[in-house]
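Colleague: Could you have a look at this structure, given as structure tokens, before my questions?
Residue numbers (the numbering used here), protein chains in the order written: chain A, 1 to 118; chain B, 119 to 456; chain C, 457 to 605.
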């Protein structure tokens, strides 16, 4: 059942974004920035965690979940450390995704060569 | 002799003494495959990176064109060449070992028209016996500098065009030859405020329409005086716009019009969307289909109008529009003389 | 039609430019995006079954998704999938990984520092910047409302 929910919710988030891409002339970079910021906002008003509870990876895999974790990281750090938590929380919470992408991306640049399209 | 608003007519004509085209694998699988001089299946052209690949392509075009004309390097007085990359690095690094005086040109995808115009002016004024006019583009180097890394996942819009990997070169001289250039009309920058990088045809069509209209009025000719009026890389959408814009000026060219960008690929089978683009698009079609048909007398007189979109990633990030330019060159078969 | 084409060029161009079949694009984005999320769920359940807590399992899930995306990018498969799937491959975390790995590979010829080092952030950098900044702004509001007053 959770698999079906993940499929449908994850698919819907992608489908809505696709409508957005087709109807506007926004480049993918802007779409990705938009997704993360929306994730931060939905996290802050408490909706994103509810969506994650309902759909599991269906809400956890889309990039908006990265925004949600950034928000949660900042909030928890502020609760624990006070003002300075505003500066420690975000990067800690985003560490796994960012580090994995940078490290694997860098290793890929050592192994693979650019290839053209046909 | 200068004519009208923006044209020059050559009394004796400037002669095309040889030409050559070299293209990449995808172009070599398209409808014109049998007409190119050479098809290179290695996208790197034996080089180390995309920019180096395009440089090697330029050098090969230069050498092949000179050989096709039965000349040697030392016979060439000037080279008029350019490409799409920043500061013309494909041309500078490709042609540096030729040791021939060079004029580096930037006219975006209209560069072939610009180089033929300046080359023919130079020859007709008696400043050179033989000049080489050439240009190139490379799909991967253009994607990298104007769009996204090639491994990045994006969808191309239906109005997008596919940058040609390839190019062409023409030797111009003051005698003999296999065809001749009898006049040129130099394009103005025309800007209708279009900003869509994925719809270059719409950005360039107003410039093409302007140049064609000015050309016909300067020479006092009508479209029927040409067997073909051939634009560079407007693609299917640009073609529709061009015909509409000229129609508005009371000039109908449906029967004569052809677009190089719609000839080089089979847009259905090769999935290129609106057509092809890049300096190499008009150059390689000129140096295959067009000049072959002119030399064999199938077409007596052709108006060749390469079109360029004048923008850079910086101007487009700053939200500026994409102006267009188009240069017209009249090419005639030798049979028509007299 | 009133006025010349030039006067209403934008709307004229919009009229003659074909648009992609949105329905087909949306369907492709839906099922491929959904499938990537389902794959994520599968990984998550797998790591949970190994006895990990929810957070740790989520981290391992993310690392696996990113690794697969980077490999697919290196072999030139991710961009082919994206051509078909659009937002279906852009939106998942795998799209973020693709946006990091693809410039790193493309610009390796321009050197380790100014090629790979700078360009690796060319698409992902803005995502990190605005994510961090937005969470900082909302965090500041949270701090002011909960701890100052």
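Ideal Cβ positions, reconstructed from N, Cα and C, are used throughout, including at glycine.
(1) With three or more C-beta pairs closer than 8 Å as the rule, is the segment 246-253 of chain B touching the segment 274-294 of chain B?
(2) Could you tell me if residue 377 of chain B is buried or exposed, where buried requires 16 or more neighbouring beta carbons within 10 angstroms of its beta carbon?
(3) Residue 431 of chain B: buried (16+ other C-beta within 10 angstroms of its C-beta) or exposed?
(4) Between residue 404 of chain B and the rest of its own chain, which residues show a CB-CB distance below 7 Å, the 5 nearest in sequence each way excluded?
(5) Note down, in chain order, every chain B residue with its Cβ under 9 Å from the Cβ of residue 24 of chain A.
(6) Which complete alpha helix (DSSP H) runs does the segment 186-236 of chain B hold, if anything under 4 residues is left out?
(7) Excluding the 5 residues flanking residue 60 of chain A on each side, which residues of the same chain have their C-beta closer than 7 Å to its C-beta?
(8) Taking all protein chains shown into account, do 16 or more other C-beta atoms lie within 10 angstroms of the C-beta of residue 601 of chain C, making it buried, or fewer, making it exposed?
(9) What does the Cβ neighbour count give for residue 457 of chain C, buried or exposed, with the cut at 16 atoms within 10 Å?
(10) Under 8 Å, CB to CB, which of the residues in the segment 143-175 of chain B have a partner in chain A?
(11) Taking C-beta to C-beta, are residue 132 of chain B and residue 235 of chain B nearer than 8 Å?
(12) Considering only the alpha carbon of each residue, which of B/193, B/171, B/388 lies closest to residue 259 of chain B?
(13) Who are the neighbours of residue 598 of chain C on chain A, taking C-beta pairs under 8 Å?
(14) With distances taken Cα to Cα, identify the nearest neighbour of residue 156 of chain B among B/134, B/183, B/372.
(15) Can you tell me whether DSSP reads residue 478 of chain C as helix, strand or coil?
(16) Bridge partners of residue 133 of chain B, per DSSP?
(17) Rounded C-beta distance between residue 142 of chain B and residue 283 of chain B? I'm assuming under 8 Å.
(18) Which residues of chain A have a Cβ atom closer than 8 Å to the Cβ of residue 552 of chain C, listed in chain order?
(19) Below 8 Å on C-beta distance, what does residue 257 of chain B contact in chain A?
(20) By how many angstroms is the C-alpha of residue 166 of chain B removed from the C-alpha of residue 212 of chain B?
(21) What's the gap between the Cα of residue 198 of chain B and the Cα of residue 233 of chain B?
(22) When you compare each of B/363, B/426, B/410 to residue 464 of chain C by their alpha carbons, which one comes out closest?
(23) Could you have a look at residue 463 of chain C and say whether DSSP puts it in helix, strand or coil?
(24) Would residue 430 of chain B count as contacting chain C if we go by Cβ distances under 8 Å?
(25) Using the Cβ count rule (16 or more neighbours within 10 Å means buried), how would you classify residue 293 of chain B?
(26) Between the alpha carbons of residue 257 of chain B and residue 303 of chain B, how many angstroms are there, rounded?
(27) Mind checking residue 456 of chain B: buried by the 16 CB within 10 Å criterion, or exposed?
(28) Taking the alpha helix (DSSP H) that residue 584 of chain C falls in, what are its first and last residues?
(29) Would you report the Cα separation of residue 470 of chain C and residue 317 of chain B, rounded to the nearest angstrom?
(30) Where do the ends of the beta strand (DSSP E) carrying residue 34 of chain A lie?
(31) Name the residues in the segment 307-323 of chain B whose C-beta lies less than 7 Å from a C-beta of chain C; which are they?
(32) To test your reading of the DSSP string, which unbroken alpha helix (DSSP H) runs of 4 or more residues are found completely within the segment 41-118 of chain A?
(33) Do you know whose CA, among B/305, B/207, B/449, lies nearest residue 343 of chain B's CA?
(34) What are the residues in the segment 262-282 of chain B lying within 7 Å of chain A by C-beta distance?
(35) Give the straight-line distance between the Cα atoms of residue 228 of chain B and residue 324 of chain B, rounded to the nearest whole angstrom.
(36) Taking the alpha helix (DSSP H) that residue 349 of chain B falls in, what are its first and last residues?
Modeller: The short version:
(1) yes
(2) buried
(3) exposed
(4) 230, 286, 422
(5) What residue 24 of chain A touches in chain B: nothing, since even the nearest Cβ is about 12 Å away.
(6) 207-213
(7) 52
(8) exposed
(9) With a pLDDT of 48 at residue 457 of chain C, under the threshold of 50, the modelled position of that residue is not reliable, and the figure given next carries that caveat. Exposed.
(10) 143, 144, 161, 167, 168
(11) no
(12) B/171
(13) 44, 74, 75, 78
(14) B/183
(15) helix
(16) B/291, B/298
(17) 3 Å
(18) 32, 63, 66, 97, 101
(19) 116, 117
(20) 13 Å
(21) 5 Å
(22) B/363
(23) helix
(24) no
(25) exposed
(26) 29 Å
(27) Confidence at residue 456 of chain B is low in this model, with a pLDDT of 42, below 50, so the placement of that residue should be treated as unreliable; the coordinate-derived value is given next. The residue is exposed, with fewer than 16 neighbouring Cβ atoms inside 10 Å.
(28) 580-599
(29) 10 Å
(30) Per DSSP, residue 34 of chain A belongs to no beta strand (DSSP E); it is in the alpha helix (DSSP H), 28-44.
(31) 310, 311, 312, 317, 320
(32) 47-55, 57-60, 64-81, 85-93, 95-111
(33) B/449
(34) 268, 272
(35) 14 Å
(36) Counting along the chain, residue 349 of chain B falls outside any alpha helix (DSSP H), though it belongs to the beta strand (DSSP E) covering 346-349.
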